[in-house]
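Per our numbering, numbering through the sequence shown is continuous, rising by one, with the last residue being 1281.
Here a beta-carbon is modelled for each residue, glycine too, at the ideal position from N, C-alpha and C.
Report on the following structure.
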Amino acid sequence: MSESAVGADGVVEPHPAGDPYAWLPATIVSSVAQTSRARSLTLAVPGLRPARAGQHVDLRLTADDGYTAVRSYSLSDVRASGASGAPAAGGAGPVPQIEVTVERLDDGEVSPYLVDAAEPGDPIEVRGPIGGWFVWPPTEFEPDSAVHAVLPEPDGAAPPTSAPVQLIGGGSGVAPLMAMVRARGRDAPPMRLLASVRDPGSRWFVTELDEAARASSALVASKPPSVAGEEPAPLVVDWVHSRTAPEGHDRRAGRLTRDELEQLVLPASEHPLVYVCGANSFVAVVAGWLVELGHAPTRVRTERFGGV
Ligand SMILES: Cc1cc2nc3c(=O)[nH]c(=O)nc-3n(C[C@H](O)[C@H](O)[C@H](O)COP(=O)(O)OP(=O)(O)OC[C@H]3O[C@@H](n4cnc5c(N)ncnc54)[C@H](O)[C@@H]3O)c2cc1C
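Laid out in structure tokens, this is it:
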């Protein structure tokens, strides 16, 4: 593991050029509740490389006695990770900012601290951004990658960069998918999000997602689909609730089934690029069903958060 350098005056220097995985000193700049169990933290990270939607970072906390704990968190917003962050003190240029969204696990070591105790102004260390496969938009050169040498792309499919996008998140797994929703521009391919949560109070980003879906359907309705490349990209958001459904919801509470998955995701015949994220068991079951439903393995990208 590489470390950031501590000078003789005790000041931590930014990571050395050329070491993308050095620890970077960062500051929490805001903390916003998503639900009673989850918070979005915005971190200002001087020297961070621009991040891509779908990537994650490692966060390191250090106690007064020197004990450290490291955990990985997906980025739920990468839009200010490039040049658009707030100006740095002393006019040194914009400071990159990223957002992570953390769910409190009651018996956990790190997540209760991040959700209940961490405050704006607190220091934290960041390593990353990390990941090159579970990212959207995908990179242009992927068709030549090792994965595609073994598993060819499906016949008649649009290249990954222009394929429609299906996002599927279980619980906190919606975090990197939110970064993808937020990263889409007007020329993005159609995107559909299926989010599985326990109950209505566990929905993350619900107001923003509802608003984005409403705005996209209003734009689609108001614009004739005649000007190629000008149509606003549609966004459709579906929620399923495993324990308690909202009042008046058509679907009763219960775990997602294979038949529902088939109805709620873009069909395999459209060759969507599918991103699945959540706890190990959720990702394993959903990815297996997708392949059974005819989705090409090269088009199903997964990120596992751990847990059962
Ligand atoms: C690539 C990656 C990205 C991640 N992104 C996010 C994110 O965006 N938001 C987020 O909240 N978490 C995310 N996680 C999970 C996160 O890294 C921690 O595992 C989680 O916050 C628990 O840490 P803890 O110290 O509180 O619990 P620990 O003290 O590590 O563990 C406490 C208990 O919880 C169990 N457990 C650990 N992880 C999970 C889990 N994910 N689900 C259910 N039970 C678990 C352990 O088995 C243990 O029994 C991500 C994990 C990975 C690998």
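Q. Just to confirm, are W1262 and E1098 a CB contact at a threshold of 9 Å?
A. no
Q) Just reading off the alpha helix (DSSP H) that L1239 is part of, what are its end residues? A) Counting along the chain, L1239 falls outside any alpha helix (DSSP H), and DSSP gives it neither H nor E.
(Q) Taking the beta strand (DSSP E) that A1090 belongs to, which residues open and close that run? (A) Where A1090 is concerned, there is no enclosing beta strand (DSSP E), given that its DSSP letter is neither H nor E.
Q: List the endpoints of the continuous beta strand (DSSP E) containing W1212.
A: L1208 to H1214
Q.
The beta strand (DSSP E) that contains V1247, what's its start and end?
A. L1246 to G1251
Q) What span of residues does the alpha helix (DSSP H) with V1154 cover, start to end? A) V1147 to A1156
Q) Whole-angstrom Cβ separation of A1017 and T1000, contact assumed at under 8 Å? A) 5 Å
Q) Beta carbon of G1261: closer than 8 Å to some heavy atom of ligand 1? A) no
Q | Straight-line gap, S1057 to V1068 (C-alpha atoms, nearest Å) | A | Because S1057 carries a pLDDT of 44, less than 50, the predicted location of this residue cannot be relied on, and no value is offered for it.
Q.
Buried or exposed, going by whether 16 or more other CB atoms sit within 10 Å of the CB of D1232?
A. exposed
Q: Determine the burial state of Q1236: buried for a count of at least 16 other Cβ atoms within 10 Å of its Cβ, exposed for fewer.
A: exposed
(Q) According to DSSP, is P998 part of a helix, a strand, or is it coil? (A) strand
Q: Pick out the complete beta strand (DSSP E) segments inside the region 1003 to 1083, 3 residues or longer, and give them in chain order.
A: 1011 to 1017, 1029 to 1035, 1041 to 1050 and 1070 to 1076
Q: Can you give me the start and stop residues for the beta strand (DSSP E) that E1276 sits inside?
A: V1273 to R1277
Q: Assign V1249 to one of two classes, buried (16 or more other C-beta atoms within 10 Å of its C-beta) or exposed (fewer than that).
A: buried
Q. With burial defined as no fewer than 16 other Cβ atoms inside 10 Å of the residue's Cβ, what is the status of G1146: buried or exposed?
A. buried
Q. Count the other CB atoms within 10 Å of the CB of S1169; is the residue buried (16 or more) or exposed (fewer)?
A. buried
**Q.** From D1223, V1258, D1160 and A1252, residue whose alpha carbon lies closest to that of L1229
**A.** V1258
Q: Pull up the distance between the alpha-carbon of A1136 and that of A1130, whole angstroms please.
A: 8 Å
Q: Can you check DSSP and say which residues form a bridge with V1138?
A: M1164 and L1246
Q. Using CA coordinates, which residue listed in D1037, D1089, D1211 and W1106 is at the minimum distance from Q1007?
A. D1089
Q. Thinking just about the alpha-carbon of each residue, which of D1223, E1276 and L1087 is nearest to the one in G1142?
A. E1276
Q | Residue from L1182, N1253 and F1278 whose Cα sits closest to the Cα of M1153 | A | L1182
Q. Quick one: is the Cβ of E1076 within less than 8 Å of any heavy atom of ligand 1?
A. yes
Q. Nearest CA to the CA of T1112: which residue from R1100, G1027, A1226 and P1240?
A. G1027
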